[in-house]
Amino acid sequence: MKRSELAKKGLALVLTAAMCAQPLIVSAEEFSFQSEMEDAVVMEAEPEQVEESGDVKGFEDADGFLLDDSLDDVDGMTGDAEGEAEETEADGETDEFVASLDERAAGLDIDESAATVIEGNVENAEGLTWRLDVNGVFYLDGEGELPDNVFLQFKSDGAWVQFDDYTITSLVIGSGVSGSLSGYYFGEDVYSNVQNIIIKDRTNGTQLKDIFFGYNYTNLQKIVIGSGVLAIGYQAFYDCASLKEVIISDGVEKINQYAFKGCTSLEEVIIPDSVKTYEMDNWNRGYTFYGCTSLKKVVLSKNAKVIPDGMFKDCTSLVDVAIPEGVTSIVGGAFYNISSEANLLIPNSVTSIGYWYDMPECKVTMPCRFAFKGGLYKREGYSFYHMNGENDQDDDNCTVCRRTGSCGTDSTYIMTLSGKVTVSGTGTVSEFDSDNDDVTSIIIEDGIYYVNSFGYCKNLESVKIGDSVKTVNAFWNCDNLKTITIGKGLENDFTFQNCPKLESVIISNENPNYTSKDGVIYSKDGTRLVYYPANLQGTEYVVLTGVTQISRNAFYYNQNLKKIVVPETVQAISSYDDSEVLFRYCKNLETIVLNNTVNNVPYDFCYNSESLSEIVIPEGAENISGEAFRYCKNLKTITLPASIKRISDAAFDGCSSLATVHYLGTADQWKAIEISQKNEFLTDANIHYCTLIKDNAGTCDNAGTRDYSCATCGTTFTVNVPKTEHNYSDWEVTRKATCTLEGEETSICSKCGDTKHRSIEKEYHDYDWVSGVDATCEKEGRTGYYKCRNCGVVEEQAEVIPAKGHSYYVANRTEPSCTEKGKEVDRCSNCGKEVTKELLARGHQYNTATHYPATVLAPETVVKYCVACGHKEKTETGSKLPATISVNTTSITLKVKQATTKVQVYNLTPGDAIKSWTSSNTKIVKVTDSGKIIAQKKTGTANVTVTLLSGKTATIKVKVQKGAVKTTKISGLKNTTLKAKKKLTLAPVIYPITSVQKVTYKSSNKKVATVSSKGVVTAKKKGKTVITVKSGSKKVSIKITVK
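The opening position of the sequence shown corresponds to residue 0 in numbering that gives the first Met the number 0, with each subsequent residue numbered one higher.
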């Protein structure tokens, strides 16, 4: 049911009230809500200005309170997400809610005919009366205005009345009561037991400015507010803890602060669309329904733009809230601490939602422009809808919710709701002013050349770096980073420190500085191992032969490797330079095989590599730097060469499992080593002073071993010796290169005979220039080209030059006419070739044809003229029209010498006309060309013939007599009714038409009507008269009735 229907059925519902134990029954004027709830996901509403009385004050400095520029991208957008209103679950629940109120309210009546116990007037409110009936219903009625801020003075029969001896359970405020209604001023003896209040619809333009009942009405359970009430006052029903039901009629415009605060029994409220303001103080606090702990369902007005702070604070049972399109601001904690089961839908018209930390802990769906407000998009239960356009309906493409900002010099970023960051510009990236936990992917576009940012992006998973980037010192401590793609321009080493899930680093094949080999990044020349991805799959890795340096932190934080073999081409491990090898925090690393050229074990070498169990320091090493093996808690055995001279502070601190030291020297040599502090786990271990007893040297193809024996206890142990490096000869050419084939050269190892091969680039071609051929009008040409004189190969294929085609101009032209052909001679301006063309005759160009309809003399004719030569073309269609003729009489009688023109010819076919009048006997009758018939002196008969142009004739028989032609008949008259002062001209028809007898007229009652000599009848007054028309001996009478 729509809200507009609730009240229409409902103040006939008006209302409720249990009188004592009985329900009240009331009748009242219908009231109505004017608007139904609109679907809350419609995205077209224009943001409206908040009315002055409802302005949100002091928002300018609040985080995200006003989003003045956030709606520019959404005006007018209607897409399917945005454009068609879909029925939401909230709509259905609202209808059910409204219907339930309707049903409850419709059954509530009061009996206004109940016997009166006592009645009287209100002494200080002129025109107002009151009465109390047997059911305990107190009626305030009449027509008058309530006094301001004074107790009402009730009198009955001139005496003051106190109601201490009466129990008043209900108040009914009549339709003629105006002013401000304060229930407090009814007095305690009135309000102390009131359970129901009915404010009837106002009539005759009366209004209640506001109403207030407040905490004094502690037993109040139900209230109906009829039309004509403008405002619900400050603390109107404050702490009315028993109030369960409120029905607010259309017409209320404002609800003041604390109006229903503490109404802990109130369950449902519908606020009509007439409400424009929820009043609030200078701190935007309204607290309208604050602490209504039983309130479950609310429908808000679409015309109240601002929902104030605390409006539904601590309404812990509130689940269903209908916020209509039209609301523009939700202040601070408007819904703070409502039910966690609530599901709020914030309409697109809302431009401000207040402080993010005051938002409720429930399900909330809102426009996506609020997503980054205090990280709301990460809050459990919060979801967002997009509304900008058909291409913007997802997290990555929406232009409304994405964040933008500067992230360095001449660089900006765009971040989408999904966490995708795109950086563009022409400068450097040195700062990223967003919450780094939001980032899930990063794209550095071409144009940026330096990146030093994005550390600690714990949700970052992928990075793509453009070709223009030269330097990267970024992406450290990114816990979930898995993939990095690097363009062709990168120049500096990179380590991506502490990225434990990094599986793949992809280098552009066009990068001149770096290359990827089995997922491991090396310098392009293969001499440096730059980076081993921390989560690259595999448990053992042998560094490629030929590598001379391993970049600092190349294996930092490795997650999977258990064994690493370092070849002898790595010349040295020295602290704090590019040769430093660090295996810090390699949590699964158990063994490192080093070569014999290492002379220093650097600082932090295997710091906290907790799985390391055994290591052999190669011969030639002299120093073990500070903290080299600190916190390697599972290191059990270490082999140290006699070349060791110094072991620095805490090199073996925390190596609590270290039990055996194989020292390849004597006890005296051991004592000579400078061992610094915090190395007790080393010095307290069982130290074996060992001598070499067998040397199985390694070869180019196979590793070797060395067997040692402890001089003290005789224990033997074996040390694995890595393969030796090949000793290859200089390269020797075995096949010379030509301009079509590569050459080859070889190198042979002097130790094992292994042969290496490598190609020699082809020779350059020796080209000759072959000149081009020009194109003509009709033949193609070609460009010149280079051709190798040795092998005939063409460096670049010649391009075909299209034939130019003729360029003709008109050399001679004879114009064609309408009927004759013409001729044109065209000549090519390039080659002189001529082409003669025949020009077709133009043909006649006729103007608009003139149509002549068919006549009695000719058929239908169409005539047109050529506008060029004047040629006339005439076309006849159909046939001539048949001739017709009619005359008004076929015979007449004339007295000798009498003439007449009363013979009329008519009904001629179009195009026909009278050609002649002729008499068959001119001695009796003559006739003129105009048709005048003249009797001669001689009596007798003759025929007068009318001849038309078409040849059609008509004959009139004429009789000539000596006597005058007398009237034989009068016709054409009838009885008539006239209104007084009206006139009528009589038109008698005299037979024969040639009668010479005079026509006279006479009225039998000239007081009723008169008649002139010409037959004009004039009505005088009411009555009847007879008009007699006479010609010769013939007369006719007609009755004239005047009304």
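We put the CB at the ideal spot given by N, CA and C, even for glycine. Please read all numbers here as calculations on a predicted model, not as lab measurements.
Rounded distance between the beta-carbons of residue j and residue i, thought under 8 Å
| i | j | result |
| --- | --- | --- |
| residue 532 | residue 501 | 5 Å |
| residue 452 | residue 485 | Actually they do not touch by this definition, with Cβ atoms about 16 Å apart. |
| residue 1020 | residue 1041 | 6 Å |
| residue 594 | residue 565 | 6 Å |
| residue 219 | residue 196 | 7 Å |
| residue 149 | residue 167 | Between residue 167 and residue 149 the Cβ distance is about 20 Å, and since that is not below 8 Å, they are no contact. |
| residue 1025 | residue 1036 | 5 Å |
Rounded straight-line distance, which links the Cα of residue j to that of residue i
| i | j | result |
| --- | --- | --- |
| residue 335 | residue 384 | 22 Å |
| residue 180 | residue 344 | 36 Å |
| residue 14 | residue 141 | In this prediction, residue 14 scores a pLDDT of 31, lower than 50, which makes its location untrustworthy; the coordinate-derived value is nonetheless stated afterwards. Answer to the nearest angstrom: the Cα atoms are 20 Å apart. |
| residue 210 | residue 261 | 18 Å |
| residue 88 | residue 177 | Low local confidence applies: a pLDDT of 41 at residue 88 is under 50, so the model's placement there is unreliable, and no value is given. |
| residue 298 | residue 445 | 53 Å |
| residue 892 | residue 915 | 21 Å |
| residue 538 | residue 519 | 14 Å |
| residue 885 | residue 907 | 7 Å |
| residue 499 | residue 522 | 23 Å |
| residue 733 | residue 727 | 16 Å |
| residue 536 | residue 355 | 43 Å |
| residue 327 | residue 377 | 24 Å |
| residue 101 | residue 270 | Note on residue 101: pLDDT 41, under 50, position unreliable in the model; no value is reported. |
| residue 894 | residue 900 | 14 Å |
| residue 955 | residue 918 | 10 Å |
| residue 97 | residue 246 | Model confidence at residue 97 stands at a pLDDT of 42, short of 50, so the residue's coordinates are unreliable; what they give is reported in the following sentence. The alpha-carbon atoms of residue 97 and residue 246 are separated by roughly 11 Å. |
| residue 905 | residue 887 | 8 Å |
| residue 504 | residue 487 | 13 Å |
| residue 21 | residue 416 | The pLDDT assigned to residue 21 is 35, lower than 50, so where the model puts this residue is not dependable, and the model offers no usable value. |
| residue 78 | residue 402 | Residue placement at residue 78 cannot be trusted, given a pLDDT of 34 that sits under 50; what the coordinates show is reported in the next sentence. Approximately 22 Å, taken between the alpha carbons. |
| residue 691 | residue 559 | 35 Å |
Neighbour flag for residue i against chain D, beta carbons, 9 Å
| i | result |
| --- | --- |
| residue 689 | Among the chains in the structure shown there is no chain D, since it carries only a single protein chain. |
Residue from the options with nearest C-alpha to residue i
| i | options | result |
| --- | --- | --- |
| residue 1012 | 708, 355, 319 and 997 | 997 |
| residue 674 | 643, 214 and 610 | 643 |
| residue 338 | 350, 324 and 313 | 313 |
| residue 770 | 762, 778, 128 and 797 | 797 |
| residue 161 | 677, 620, 187 and 148 | 187 |
| residue 841 | 834, 868 and 863 | 868 |
| residue 436 | 450, 400, 371 and 465 | 371 |
| residue 404 | 412, 823 and 397 | 412 |
| residue 155 | 697, 127, 170 and 474 | 127 |
| residue 731 | 744, 720, 150 and 721 | 744 |
| residue 761 | 447, 590, 715 and 739 | 739 |
| residue 258 | 152, 684, 251 and 233 | 233 |
In DSSP terms, what residue i is bridged to
| i | result |
| --- | --- |
| residue 689 | 709 |
| residue 1010 | 1016 |
| residue 1059 | This structure cannot speak to residue 1059, because the chain is shown only from 0 to 1042. |
| residue 414 | 402 and 420 |
| residue 1050 | This structure gives no information on residue 1050, because the portion of the chain shown stretches from 0 to 1042. |
| residue 195 | 169 and 221 |
| residue 319 | 296 |
| residue 852 | According to DSSP, which records beta bridges pairwise, residue 852 is partnered with nothing at all. |
| residue 944 | 917 and 954 |
Residue i Cβ short of 8 Å to the ligand HEM heavy atom set
| i | result |
| --- | --- |
| residue 959 | With respect to the ligand HEM, the structure shown offers nothing to examine, as it has no ligands at all. |
Query raised in the report: Per the contact definition of three or more C-beta pairs closer than 8 Å, is the segment 767–779 in contact with the segment 733–749?
Result: no
Query raised in the report: Three or more C-beta pairs closer than 8 Å, one from the segment 754–763 and one from the segment 625–632: is that the case here?
Result: no
Report task. Assess, as a yes-or-no matter, whether the segment 201–211 is touched by the segment 225–241 under the definition of 3 or more beta carbon pairs within less than 8 Å. Result -> yes
Query raised in the report: Should the segment 875–882 be regarded as contacting the segment 935–944, the criterion being three or more beta carbon pairs within less than 8 Å?
Result: no
Query raised in the report: With contact counted as at least three CB pairs below 8 Å, one residue from each stretch, are the segment 826–840 and the segment 786–805 in contact?
Result: yes
Query raised in the report: With a cut-off of 8 Å, do at least 3 Cβ pairs link the segment 554–569 to the segment 584–594?
Result: yes
Query raised in the report: Counting pairs of Cβ atoms below 8 Å between the segment 265–273 and the segment 289–297, do you hit three or more?
Result: yes
Query raised in the report: Counting pairs of beta carbons, one from the segment 477–493 and one from the segment 453–465, are three or more of them closer than 8 Å?
Result: yes
Query raised in the report: Counting Cβ pairs, one atom from each stretch, are 3 or more of them under 8 Å apart for the segment 925–933 and the segment 961–968?
Result: no
Query raised in the report: Any chance the segment 782–796 sits against the segment 811–825, with 3 or more Cβ pairs inside 8 Å?
Result: no
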